[in-house]
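Heads up: the protein sequence lines correspond to chains A, B, C and D, in order. If you want this note's numbering, it's the 1-based position in the first sequence plus 5. If you want this note's numbering, it's the 1-based position in the second sequence plus 5. If you want this note's numbering, it's the 1-based position in the third sequence plus 77. If you want this note's numbering, it's the 1-based position in the fourth sequence plus 77. Note that CB positions come from ideal geometry on N, CA and C, so glycine has one too.
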Amino acid sequence: MIKKILIANRGEIACRIIKACKEMQISAVAVYSDVDSESPHVLMADEAILIGPANPSESYLDFDKIVDAAKQTNSDAIHPGYGFLSENGDFAKYVNDSDLVFIGPDPDTIKLMGDKAESKKMMAEAGVPTIPGNDGELSGNVDAVARDIGYPLMVKAAAGGGGKGMRIVESPEELESAIEAASSEARNSFGNDTLILEKYLDQPRHLEVQILGDQQGNVIHLYERECSIQRRHQKIIEESPSPAINNKLRKMMCEAAVKAAKVVNYSNAGTVEFLFQDGKFYFLEMNTRIQVEHGVTEMVCGIDLVKWQIRVADGEALDFTQNDVKQRGHSIECRVYAEDPSRDFLPTPGLIRKMILPEGSGIRNDVGVSEGQEVTSDYDPLLAKVVVWDSCRNSAINRMDYALSNFIILGLITNQPFLRDIMKSESYRKASFSTRFVDEHFSDWELGPPSPEVIATALLASKSAPEKVSTVSSRDPYSPWSNKGTWRQNI
Amino acid sequence: MIKKILIANRGEIACRIIKACKEMQISAVAVYSDVDSESPHVLMADEAILIGPANPSESYLDFDKIVDAAKQTNSDAIHPGYGFLSENGDFAKYVNDSDLVFIGPDPDTIKLMGDKAESKKMMAEAGVPTIPGNDGELSGNVDAVARDIGYPLMVKAAAGGGGKGMRIVESPEELESAIEAASSEARNSFGNDTLILEKYLDQPRHLEVQILGDQQGNVIHLYERECSIQRRHQKIIEESPSPAINNKLRKMMCEAAVKAAKVVNYSNAGTVEFLFQDGKFYFLEMNTRIQVEHGVTEMVCGIDLVKWQIRVADGEALDFTQNDVKQRGHSIECRVYAEDPSRDFLPTPGLIRKMILPEGSGIRNDVGVSEGQEVTSDYDPLLAKVVVWDSCRNSAINRMDYALSNFIILGLITNQPFLRDIMKSESYRKASFSTRFVDEHFSDWELGPPSPEVIATALLASKSAPEKVSTVSSRDPYSPWSNKGTWRQNI
Amino acid sequence: MAETVTIGSKSYSVNIRRSGSSFRLQIDDRDYDGEFSRLNNGSLEIIIDGRRSITYSEKKLDDSYVFADGINYVLRRQSQKVGSVVQDEPREDLVMSPITGKLLDRKGENGSSVREGDVIIVLEAMKMEHRLRSPRDGIISRITSIEIGGQVKEGEIMFELEDE
Amino acid sequence: MAETVTIGSKSYSVNIRRSGSSFRLQIDDRDYDGEFSRLNNGSLEIIIDGRRSITYSEKKLDDSYVFADGINYVLRRQSQKVGSVVQDEPREDLVMSPITGKLLDRKGENGSSVREGDVIIVLEAMKMEHRLRSPRDGIISRITSIEIGGQVKEGEIMFELEDE
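Next up, the structure:
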């Protein structure tokens, strides 16, 4: 019976897990580094253990310090959150070997899914669609291999990386010269001219399916998430359901994900990621942990993933079946980052001098920072996730724009204005996007010109402002003040 | 087409309606009295009109000032919220006659349902169960009338009130003397000894069914709410579904409510209230407006009642049928009041010096006040509603207790500690309660003794506290600080 | 110097001695040793007997508002004169308004003879009526001169009784 | 006295004159008349041309943080010397750190010959790498002496070039 959990993480996900613990009447132990001594997860937890300096390898990534902290506090289990040690099979094994429950799948499953080539092969064998390509060395009738894969395709160096030894081939005529060029480049760059062919997806969407399994062998899915809106290959906006697929495709993809999970006897929460284009989906990888964007699934399916992570790790069986899981309405998440979208998403540390969160029906704030806190450059710049739910996608977008327009955060640059502009854009509303969305529509994004009120506020704030006199005579009571409001301003 | 709505209300419900407007891209006009010039609803609205002094009869209840304000701002419609003018049929008619849309049912329906005797009669005729009793003057074979109604019953003066001329009769033997006593008391108190007999419910629950109708004649229900936890005959805690009824009773009661609404051609949102005891329900009255506790229905059914109020008032038809409305999980609302539960719920005005709201999965805050605001004695003491959702009642109670234990509000006395104690009580958790719950279990409630930390904080806060030194050496890094946390403290 | 802290209907004699970040707190007859520091978000971290609490507080004259252990408290502080053990008896003759609100009705005037339990003053606050009753039989020696409908402040004297 | 306010990549010449609760604001060549007051919740109510805005702000040295129109803005203020029209040309020879973070790598030393686009400095902040490239061909005349792994502040000089 799990009565106390150590959370080997920080920021919003640590806070999220601590809340689940408190609601389940389980004690929560935080660990923290020097610079996090006043971070929200430390203040929220029942106990907090300092485990080292800011550098993650000496604190949040240190197996021994974390397991020691769990032992010292008589914790029963460790929740790794996402990032840090969450997908480290060796850590999971070390936790289990220390007679503690690791809240996640089996260490072997983590390791297997961490080997991207091996897991792709395994999935292909199990009948889960993978990106078509030749697996071994390129030989024999290359034209036939290429025809099987289909055009456009990519010739790439097996040893490659960084765009070198790589060519996109649009038609059979271009194949031979592309292979020659790539082969020579690969030889020069990597000393190895082995090439592989792979289908090229020029406008892929990133879709993923939430999986939940217990130790009794039950595996169910909680439908899909659409995570195509990314920058620097990191998601910034996610939603569920995906507006890209119909129910038939949804069923196929979700069943493929369950199949993938069952192949590896998956237990706990996990995510099967797919690329999707032209009506076809391809296995990309499996994430063996809770995802940042799990909230949209929780809102649509009405199932608390973090609580279930804890329950199944504790040996409980799922008390519902696949048929009980229904999608209802539409949910969107926006990640509020300390970064400057007008300067290539450069991180922007700073002190949070004021923060007021949006409130109301269908609005959920998962926050990892608080007023008065210094956001340092030591960790991920994620400050908060705003998650909304409404009955349909269009209403959810309007609600998100309302929520963002009431998210006050002063003291550092954030991507809040950028997120608002995406919510307002036709391209996002039409949902006809791929992972190239930000590059295609928002690569030159700049903050719009400020209204005179913005400048006036900056110049007047330092002066002692008169208090508002609220007697009738102070101004014409019947003068309708037109509040410009918020969302209407920034079209 | 409604493009601008004037909200003839204040506090949290005005804020709730303004948010719905903003999400629907409808302009919102606030009206306010002198003392409300900096209230949240005024700051949130697109425009705000001062309509008079604090006294409601000269501002929030003044037909002309409100309709004038709507005219001046070119509003298309008026939303009355709850309380104030929301159930005033004359006002609704005045609004309609002024070529403005009244967001609510037809004025005649409001008037009809406002006449409690008349509406009871109408419902009885339509086959909706009402509290058994004789309607006219008590005459003929009184014993037979009493036997038909069943014991226990109540003898009460038709002209009565305030407990005078009223007797509870447990058995036939007591009937005659009770009639004599009541009759004489009634004659002395009211100059009228007409008596009526009515079934006496000694442990009734207050259940109610949410109704939504459009102008096309469609009427559906959104299931029930349990509102038995009351003080001074005002609800403080509501939930949905009701833990008291099974699906068969639920279906019967909801169908009775739809029948009641259809009898009066009901359109817009409304609530049919029932008393429930011993497996039977009885029509009490119909509220022809949005209710304070509508949020629990929204969370369980996934339907936004305020947005639909606006849509159906604008002539839109419901785009879903009864079969589409499903209850999912469990929702609870706690009303946070400026009142002192240890002093007979005496109102406690004051200045809100600090307010931090609970955040997280399944937590919704509907708030009508803000930090820095003076809560005056002019209006209802409702400060905020905390609404939670979770998969089952027990989880929802735990989530509510978590949420309340993270609701920081300093500067005045509120009922927050009282609400927490109810959430923790066995009697509430067992759900075996009636409208007498507070009287039976919490009439002598007092705040528990404070921990030394509470006293220490009060005494230390005025002194300049040392800043936390967060270097490793400042204290033993491996000392597990046991945070007493919150919910565990106050058992 | 000891002071009296009142929470709800209960009072505590308290005293605190501070040295740097350490303190010794006395509540009635019990002593507690602790440490405290101010955090960046404005809260206090208090450690007593190895247990940590994060608390928030605000102050207004003699009232302290404290959030701790998941509960919002209101504390009233009065400093005690050293050596003073005699406390004022509550004066039963003096009836003060327990709330800030509006005067709705005044059922008596100077010289009126009243019985225990008679309603003398009716106030309204937040849409609710509050009746102030006579605490004993007697004669009204003084009664508020605020006009009906006027504002009444919490703690303001509403009426005073004298013996018949 | 006019000052320059920079928001993102754009700068505005601004000036404000205040009299009681009224103000006249000049932004580049346009004038706005308005009124303002401080509300109890700490926000400002600003009315310009009959339109009301509720705004929030915080200040840190020359930076102002403003929430208005549903957007969080960061404004940098510099006072302008009257009569000064010559602005400093950005010095292409001087490369400063755009972020506060950690020095991951230094690919050159004093006297190194470099080509435009060469990566000279690698920084890390918030789990992301940032490469500082040489803005032109030249020779490094000065380079940061911070050790690898050490902290770098925003605006700190990372390296300077001179002609070959």
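query: Partner residues on chain A for I18 of chain B, Cβ-Cβ distance less than 9 Å; result: Within chain A, no residue comes near I18 of chain B; the closest Cβ sits about 12 Å away, beyond 9 Å.
query: Cβ separation of G109 of chain A and R230 of chain A, assumed to be a contact under 8 Å, to the nearest whole Å; result: Not really, about 19 Å apart at Cβ, beyond 8 Å.
query: The region 363-370 of chain B touching the region 357-377 of chain A, judged by at least three CB pairs closer than 8 Å; result: yes
query: Residues bridged to E80 of chain C (per DSSP); result: C:V91, C:S156
query: Closer than 7 Å to chain C by CB, G377 of chain A; result: yes
query: Interface partners of P175 of chain D on chain A, CB under 8 Å; result: R348, L351
query: Exposed unless 16 or more other CB atoms sit within 10 angstroms - verdict on D153 of chain A; result: exposed
query: Below-7 Å beta-carbon distance, I496 of chain B vs any chain D residue; result: Note that I496 of chain B scores a pLDDT of 26, beneath 50, so its modelled location is shaky; the value from the coordinates is reported in the next line. Cβ-Cβ to chain D under 7 Å: no for I496 of chain B.
query: Beta-carbon contacts of A401 of chain A that lie in its chain and below 7 Å, excluding the five residues immediately before and after; result: H335, S336, I337, V393, W394, D395
query: Minimum Cβ-Cβ distance from L116 of chain D to chain B less than 7 Å; result: yes
query: Limits of the beta strand (DSSP E) - the one that V305 of chain B falls within; result: Note, V305 of chain B: premise wrong, no beta strand (DSSP E); alpha helix (DSSP H) at 299-306.
query: Residue-chain proximity (V143 of chain C, chain B), Cβ-Cβ < 7 Å; result: yes
query: 8 Å contact criterion, which R21 of chain A and G147 of chain D should meet: CB distance rounded; result: Actually they do not touch by this definition, with Cβ atoms about 26 Å apart.
query: Exposed unless 16 or more other CB atoms sit within 10 angstroms - verdict on S141 of chain C; result: buried
query: Boundaries of the beta strand (DSSP E) in which V391 of chain A is found, first to last residue; result: 387-395
query: Other residues of its chain near P386 of chain A: CB distance less than 6 Å, five sequence neighbours each side excluded; result: Y342, A343, E344, P352
query: Simplified DSSP assignment, three categories, for Q77 of chain B; result: helix
query: First through last residue of the alpha helix (DSSP H) which encompasses R152 of chain B; result: 147-154
query: Members of the region 119-138 of chain D near chain B, C-beta cut-off 7 Å; result: G119, I131
query: Alpha-carbon to alpha-carbon, L116 of chain D and A35 of chain B; result: 17 Å
query: Nearest-angstrom beta carbon gap, I225 of chain B and V5 of chain B [assumed within contact, 8 Å]; result: Because residue 5 of chain B is not part of the residues shown, which for chain B are 6 to 496, the question remains open.
query: Bridge partner(s) assigned by DSSP for Y407 of chain B; result: Note: Y407 of chain B sits in no beta bridge, so no partner.
query: Beta-carbon neighbours of R340 of chain B, restricted to chain C and to distances below 7 Å; result: Under the 7 Å cutoff, chain C gives no residues; its nearest Cβ is about 13 Å from R340 of chain B.
query: CA-to-CA distance, D41 of chain B to L171 of chain C, given in whole angstroms; result: 34 Å
query: Bridge partners - I217 of chain D, DSSP secondary structure assignment; result: D:L238
query: Residues, ordered as in the chain, of the region 35-65 of chain A that lie near chain C by beta-carbon distance below 7 Å; result: E43, L48
query: Beta-carbon neighbours of D371 of chain B, restricted to chain A and to distances below 8 Å; result: E364, G365, S366
query: Test item: CB-CB of T177 of chain D and E135 of chain D under 7 Å; result: no
query: Inter-residue Cα distance where the pair is S382 of chain B and G416 of chain B; result: 15 Å
query: 9 Å Cβ cut-off: residues of chain A touching N403 of chain B; result: K27, E28, M29, Q30
query: Close-in-space but distant-in-sequence residues of the same chain around G59 of chain B (CB under 6 Å, 5 per side omitted); result: In the sequence under discussion, the amino acid at residue 59 of chain B is Ala, which differs from the Gly named in the question. The residues are S38, D39, V40, D383.
query: Per-residue burial, A122 of chain A [other beta carbons within 10 Å of its own, 16 or more giving buried]; result: exposed
query: Contact with chain D by A13 of chain A, beta-carbon distance below 7 Å; result: no
query: Outcome for G88 of chain A when other beta-carbon atoms lying within 10 angstroms are tallied against a minimum of 16; result: buried
query: L254 of chain A vs P209 of chain A beta-carbon contact at 7 Å; result: no
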